[in-house]
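**Q** Dropping a structure here in structure tokens format, bear with me for questions.
In UniProt numbering, the protein residues as written are 1 to 335.
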């Protein structure tokens with residue numbers, strides 16, 4: 001287990017003030033900024049501490065702040081299990097008002113034994129906090145100094161009950177998880193541990209990385225977890241393709257900001273969630289599924305299928321896994 005790096009970017013005073021008399025920020029603050037830039041360049045997750053997220057950190061923890069949203073419907077996951085499992089579908093989608101969601105999710109004890117998560121499901125275009133909740137948006141200062149603002153894809157409000165855990169998954173875009181209220185315990189795994197994570201699409205069959213069946217998932221222990229606690233005002237940088245699971249230690253409010261790091265043509269234009277596979281990968285998977293269907297229908301004996309299956313697996317590993325399809329420079333969006 002590896003502890004997530006914490007980069008404190010808050011101005012460090014030389015004489016008790018945020019800056020000294022000359023207006024210069026301390027060397028310690030400058031060093032933290034460099035460390036953050038290095039983490040992003042290296043595609044390594046980290047917790048960023050000391051940014052100002054605005055008045056939301058003080059106003060949103062009060063449930064009464066959301067009382068005005070009685071006519072604002074949101075889609076939520078509701079489950080009697082604390083560990084949400086997308087593969088097993090142990091939850092139901094329900095529509096409630098944002099006011100009702102906050103009122104119910106913020107209870108210290110859920111009398112119905114239900115857990116709530118507002119993931120802003122069921123949308124036809126990317127979520128934008130400023131469009132969906134214009135009354136709330138001015139209270140949140142998005143950390144757009146950490147990414148090219150013109151590349152922003154979506155900003156998503158998250159509301160979650162205490163004790164609820166979100167399934168282990170990856171996203172195809174970089175994102176910042178901005179903690180506003182409560183404590184989240186995050187667990188991340190690097191992309192190169194994918195073979196140990198028992199994937200079904202972009203999600204793992206292991207719903208709870210802290211409590212899983214070692215007999216059913218023996219290779220999961222080979223993966224290296226990166227862990228840390230996200231506190232109010234903290235921002236977690238999650239590079240694309242890093243697997244992550246989030247435990248809400250307490251009732252939490254947070255905002256996800258996703259942005260594009262690849263060229264525009266590599267993203268599916270119809271993707272409203274930012275989790276569809278890049279276009280060339282999607283095309284490859286479609287072709288592979290079609291080809292496999294043809295082979296299966298051909299009636300080839302098992303020994304043929306096995307030998308050619310190994311050859312195909314080796315080819316994919318050689319062309320995709322061992323070095324990738326292209327350099328990072330070729331795949332990156334222009335600055």
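Every residue, glycine too, gets a C-beta built ideally from N, C-alpha and C.
Alpha helix (DSSP H) containing residue 57: first to last residue?
**A** Looking at the DSSP string, the run of the alpha helix (DSSP H) that includes residue 57 is 56–59.
**Q** Around the C-beta of residue 255, are 16 or more other C-beta atoms found within 10 angstroms, so that it is buried, or is it exposed?
**A** buried
**Q** Using a threshold of 7 Å, state whether the C-beta atoms of residue 218 and residue 1 are closer than that.
**A** no
**Q** Give the secondary structure of residue 287 by DSSP, where H, G and I count as helix, E and B as strand, and everything else as coil.
**A** DSSP, read as helix, strand or coil, puts residue 287 in helix.
**Q** From the DSSP secondary-structure annotation, give me the bridge partner or partners of residue 175.
**A** 238 and 258
**Q** Under the rule that 16 or more other beta-carbon atoms within 10 Å means buried, what is residue 23, buried or exposed?
**A** Bear in mind that the predicted position of residue 23 carries a pLDDT of just 44, short of 50, making it too unreliable to give a figure here.
**Q** Leaving out five residues before and five after residue 130 in sequence, what residues of the same chain have Cβ atoms less than 6 Å from its Cβ?
**A** Within its own chain, the residues whose Cβ lies closer than 6 Å to the Cβ of residue 130, once the five positions on either side in sequence are excluded, are 137, listed in chain order.
**Q** Thinking just about the alpha-carbon of each residue, which of 96, 38, 312 and 115 is nearest to the one in residue 74?
**A** 96
**Q** Three Cβ pairs or more, each shorter than 8 Å: is that satisfied between the stretch 206–221 and the stretch 276–294?
**A** no
**Q** Would DSSP call residue 104 helix, strand or coil?
**A** helix
**Q** So, using beta-carbon positions, are residue 52 and residue 151 closer together than 7 Å?
**A** No.
**Q** Residues in the same chain with beta-carbon distance under 7 Å from residue 21, minus the five sequence neighbours each way, listed in chain order, please.
**A** Low confidence applies to residue 21: its pLDDT is 44, below 50, so where it sits in the model is not reliable enough to give any reading.
**Q** Can residue 184 and residue 230 be called in contact, C-beta distance under 7 Å?
**A** yes
**Q** Give the DSSP-derived three-state secondary structure of residue 292 in the structure shown.
**A** helix
**Q** Does residue 171 pass the burial test, meaning 16 or more other C-beta atoms within 10 Å, or should it be called exposed?
**A** Sixteen is the threshold: when 16 or more other Cβ atoms of the shown chains lie within 10 Å of the Cβ of residue 171, as they do, the residue is buried.
**Q** Between residue 98 and residue 117, what straight-line distance do the alpha-carbon atoms span, to the nearest angstrom?
**A** Straight across, the Cα-Cα distance linking residue 98 with residue 117 is about 11 Å.
**Q** Please report the distance separating the alpha-carbon of residue 25 from that of residue 9.
**A** Per-residue confidence for residue 25 stands at a pLDDT of 45, beneath the threshold of 50, marking its modelled position as unreliable; the derived number appears in the next sentence. Cα to Cα, the separation comes out at about 11 Å.
**Q** Determine the contact status of residue 196 and residue 223, defining contact as a CB-CB distance below 7 Å.
**A** The answer is yes: Cβ separation under 7 Å.
**Q** Tell me the DSSP bridge mates of residue 263?
**A** Note: residue 263 sits in no beta bridge, so no partner.
**Q** Per the DSSP calculation, residue 321 is bridged to which residue(s)?
**A** Answer by DSSP bridge pairing: none, since residue 321 is not bridged.
**Q** Does DSSP put residue 233 in a helix, a strand or coil?
**A** coil
**Q** Leaving out the 5 sequence neighbours to the left and right, which residues in its chain are closer than 6 Å to residue 64 when beta-carbon positions are compared?
**A** The same chain holds no residue with a CB closer than 6 Å to that of residue 64 once the five nearest residues on each side in sequence are set aside.
**Q** DSSP three-state call for residue 93: helix, strand or coil?
**A** The answer is strand: DSSP assigns residue 93 an E or B state.
**Q** Does DSSP put residue 208 in a helix, a strand or coil?
**A** Here residue 208 sits in coil by DSSP.
**Q** Under 7 Å between the Cβ atoms of residue 94 and residue 70?
**A** no
**Q** When DSSP labels each residue in this structure, what does residue 269 get in the three-state scheme?
**A** coil
**Q** Suppose the cutoff is 6 Å on Cβ atoms and the five residues either side in sequence are ignored; what does the same chain contact list for residue 60 look like?
**A** The beta carbon of residue 60 is closer than 6 Å to those of 180, 181 and 253 in its chain, skipping five residues each way along the sequence.
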